[in-house]
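Some notes on the structure that comes next.
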Amino acid sequence: MMLAPNPETGLRAEALSVGYGDRAVLERVALHLPRGGITALVGPNGSGKSTLLKALARIMAPSGGTVLLEGQAIARLPSAEVARRLAVLPQAPVAPAGMTVAELVEQGRYPHAGPLRMLRRQDHDAIRDALAATGMTGFAGRALDELSGGERQRAWIALTLAQDTPWLLLDEPTTFLDIGHQLEVLELVARLNRERGITVLMVLHDLAQAARFADRLVVLHGGRLHSEGPPGTVLTPAMLAEVFRIEARIIPDAETGRPHMLPIRHLPDGAPAC
Ligand SMILES: Nc1ncnc2c1ncn2[C@@H]1O[C@H](COP(=O)(O)OP(=O)(O)OP(=O)(O)O)[C@@H](O)[C@H]1O
Ligand SMILES: [Mg+2]
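Just so it is clear: in the sequence shown, position 48 is 1429 by this note's numbering, and no numbers are missing.
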């Protein structure tokens, strides 16, 4: 039988199971991220968000199931090809000691360079743009290990931008950032999505920011997909009670119409979920 070319344009996880050694974390997760949107992945600590992101980005091999990037099994694609299509910001990235911001951001261009890893004019342009977009131009010559947590986080975001990929997977891109820089990063993500058509999946803990900046929420709970959909349908008192064990009030934002969340209290263990 001839296999027809797969016209699918999204990122798809099918029956994805992932674990560490004998410890199963994700169990048969099915997820489809269509091209073009901003999806926020939310869930309590330890629910498997980073593990899912790593499996989607091929940093971790699944113990079962498949990840399809635009219809192709990601496990079978060459690494440079994956890096040209998908950039990932891990939760706790580590760089070699002494590496400067410019050297880090440069790494984003090597998947595009030829075998001699010679950077061309368009590579230098992409590095300059990525540094400017993250407000890191003035830090280019500084060593990463001599930056504040927020400055370092922005340098890593610059690396993913320099990679210039149609897919962006960000694990807690706003941690370590003050509220001004948090909004700056989220607005940058929204702009990249709007102006360059970049599809974004980002892990966020702030549910109000997730509801405001993402058009879709995916909720993980205990390694399983709990719910997914537009913020207005997913961010409910019942979900917050069941998944996050909190009582909260949901208020529609007068300006955006998106749901706002007012946390009231943590629910003691054993209390009914709603
Ligand atoms: N390297 C590892 N080895 C063993 N277990 C791990 C490892 N990394 C994570 N885990 C476990 O896998 C589960 C899911 O972890 P994961 O990092 O995906 O959670 P998360 O949802 O990203 O949490 P957080 O919000 O705290 O970042 C947790 O129970 C965690 O203890
Ligand atoms: Mg995590």
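Yeah, the Cβ is synthetic: ideal placement off N, Cα and C, and Gly gets one too. Computed from a predicted structure; not experimentally measured.
C-beta atoms of residue i and residue j nearer than 8 Å
i            : j            : result
residue 1413 : residue 1439 : no
residue 1534 : residue 1556 : yes
residue 1405 : residue 1446 : no
residue 1536 : residue 1551 : no
residue 1601 : residue 1422 : yes
residue 1511 : residue 1542 : yes
residue 1597 : residue 1418 : yes
residue 1640 : residue 1592 : yes
residue 1359 : residue 1549 : Outside the shown range of the chain, which is 1382 to 1655, sits residue 1359, and nothing can be said about it.
residue 1599 : residue 1425 : no
residue 1407 : residue 1433 : yes
residue 1410 : residue 1606 : yes
residue 1487 : residue 1508 : yes
residue 1471 : residue 1398 : no
With 16 other Cβ atoms within 10 Å as the buried cut-off, status of residue i
i            : result
residue 1503 : exposed
residue 1431 : buried
residue 1428 : buried
residue 1545 : buried
residue 1450 : buried
residue 1459 : exposed
residue 1532 : buried
residue 1530 : exposed
residue 1553 : buried
residue 1636 : exposed
residue 1497 : exposed
residue 1604 : buried
residue 1610 : exposed
Between the CA atoms of residue j and residue i - distance to the nearest angstrom
i            : j            : result
residue 1617 : residue 1646 : 15 Å
residue 1401 : residue 1473 : 17 Å
residue 1452 : residue 1649 : 44 Å
residue 1560 : residue 1638 : 22 Å
residue 1661 : residue 1436 : Only positions 1382 to 1655 of the chain appear in the structure, and residue 1661 is not among them; the question remains open.
residue 1563 : residue 1590 : 9 Å
residue 1491 : residue 1500 : 8 Å
residue 1539 : residue 1441 : 23 Å
residue 1581 : residue 1643 : 26 Å
residue 1521 : residue 1481 : 7 Å
residue 1514 : residue 1403 : 42 Å
residue 1479 : residue 1569 : 28 Å
residue 1465 : residue 1575 : 20 Å
residue 1516 : residue 1391 : 31 Å
residue 1463 : residue 1420 : 20 Å
residue 1621 : residue 1608 : 11 Å
residue 1628 : residue 1454 : 41 Å
residue 1630 : residue 1614 : 14 Å
residue 1612 : residue 1594 : 10 Å
residue 1461 : residue 1578 : 21 Å
Reduced DSSP secondary structure (H/G/I, E/B, other) of residue i
i            : result
residue 1610 : strand
residue 1552 : strand
residue 1579 : coil
residue 1449 : strand
residue 1398 : strand
residue 1640 : strand
residue 1631 : strand
residue 1406 : strand
residue 1605 : strand
residue 1567 : helix
Residue i Cβ short of 7 Å to ligand 1 heavy atom set
i            : result
residue 1475 : no
residue 1406 : yes
residue 1418 : no
residue 1472 : yes
residue 1574 : no
residue 1427 : yes
residue 1491 : no
Heavy atom of ligand 2 within 7 Å of residue i beta-carbon
i            : result
residue 1431 : yes
residue 1423 : no
residue 1584 : yes
residue 1552 : yes
C-beta neighbour in chain C for residue i, strict 8 Å
i            : result
residue 1606 : Judged by its chain identifiers, the structure shown contains no chain C, having just a single protein chain.
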